[in-house]
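Start counting the sequence shown at 1; every next residue gets the next number (full-length UniProt numbering). Even glycine gets a Cβ: it sits at the ideal position worked out from N, Cα and C. Predicted model only: the values in this text are computed from it and were never measured. Scroll down for the structure; my scribbles are underneath it.
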Amino acid sequence: MPEEVKKLRINYKTMEEFKKFKEYGAQELSMLEDLQENIVEDDLDSPFYGIYFGDKLAARMSLYKREAKFDKYFDPPQDYLELWKLEVLPGFQGKGYGKKLVDYAKSFNMPIKTNPRLNSRPFFEKMGFQNVKYDVERDLGENPLVWYPEGVTEQKNNE
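Spelled out as structure tokens, the structure:
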């Protein structure tokens, strides 16, 4: 049975699974703090998605929907997704789990913005993400990558 992307429940079992990622990932990748802030036993309304291998969480990401009124990246301005904290445990890397998570995010057919870690930038570029023209006020030191669905382009600076 092929592994599939699932919306993760916000519960104590998921929190235990996230602790395994914190051991391997950089501190800024930890979703434990996000999870602890949102924990409600067995809550399915979460921004967390993952892929299980058997009963072990092998890959995860956060996916947040942002409203068009906050869109400073896409033309025409619209609701978009922010992809955060995509991480695949070391024993599962190179098996397509990261691609599967990104493809899942793309399946919503909405523009996507992400701020990849330095080492993951080539992965996101391979997945079709592009640089945006850096805007010091908008990007605040971040170096985001974006993915455009058909009919969407980079928002032009109106200054």
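Can you round the beta-carbon distance between residue i and residue j to whole angstroms, since I take them to be within the 8 Å contact cut?
i: residue 169; j: K65; result: The question about residue 169 has no answer here: the residues shown for the chain are numbered 1 through 159.
i: K48; j: R60; result: Correcting the residue identity first, residue 48 is Phe in this sequence and not Lys. Sure, about 6 Å apart at Cβ, within 8 Å.
i: K106; j: Y73; result: About 16 Å; that fails the 8 Å criterion.
i: M127; j: V102; result: 5 Å
i: F108; j: L81; result: 6 Å
Taking Cβ positions only, does residue i come closer than 7 Å to chain C?
i: K7; result: Among the chains in the structure shown there is no chain C, since it carries only a single protein chain.
Beta carbon of residue i, beta carbon of residue j: below 7 Å?
i: V132; j: E154; result: yes
i: E150; j: N115; result: no
i: A58; j: F92; result: yes
i: P111; j: V152; result: yes
i: S46; j: L83; result: no
Apart from the five residues on each side of it in sequence, which residues of its chain come closer than 8 Å, Cβ to Cβ, to residue i?
i: R121; result: L145
i: K6; result: Y49, G50, I51 and Y52
In chain order, what residues of the same chain lie with their CB nearer than 7 Å to the CB of residue i, ignoring the 5 residues before and after it?
i: K156; result: D75
Legend entry - Entirely enclosed alpha helix (DSSP H) segments - the UniProt domain "N-acetyltransferase" (8-159), minimum 4 residues: Segments of the alpha helix (DSSP H) lying fully in the UniProt domain "N-acetyltransferase" (8-159): 12-24, 32-38, 97-106, 121-126 and 136-139.
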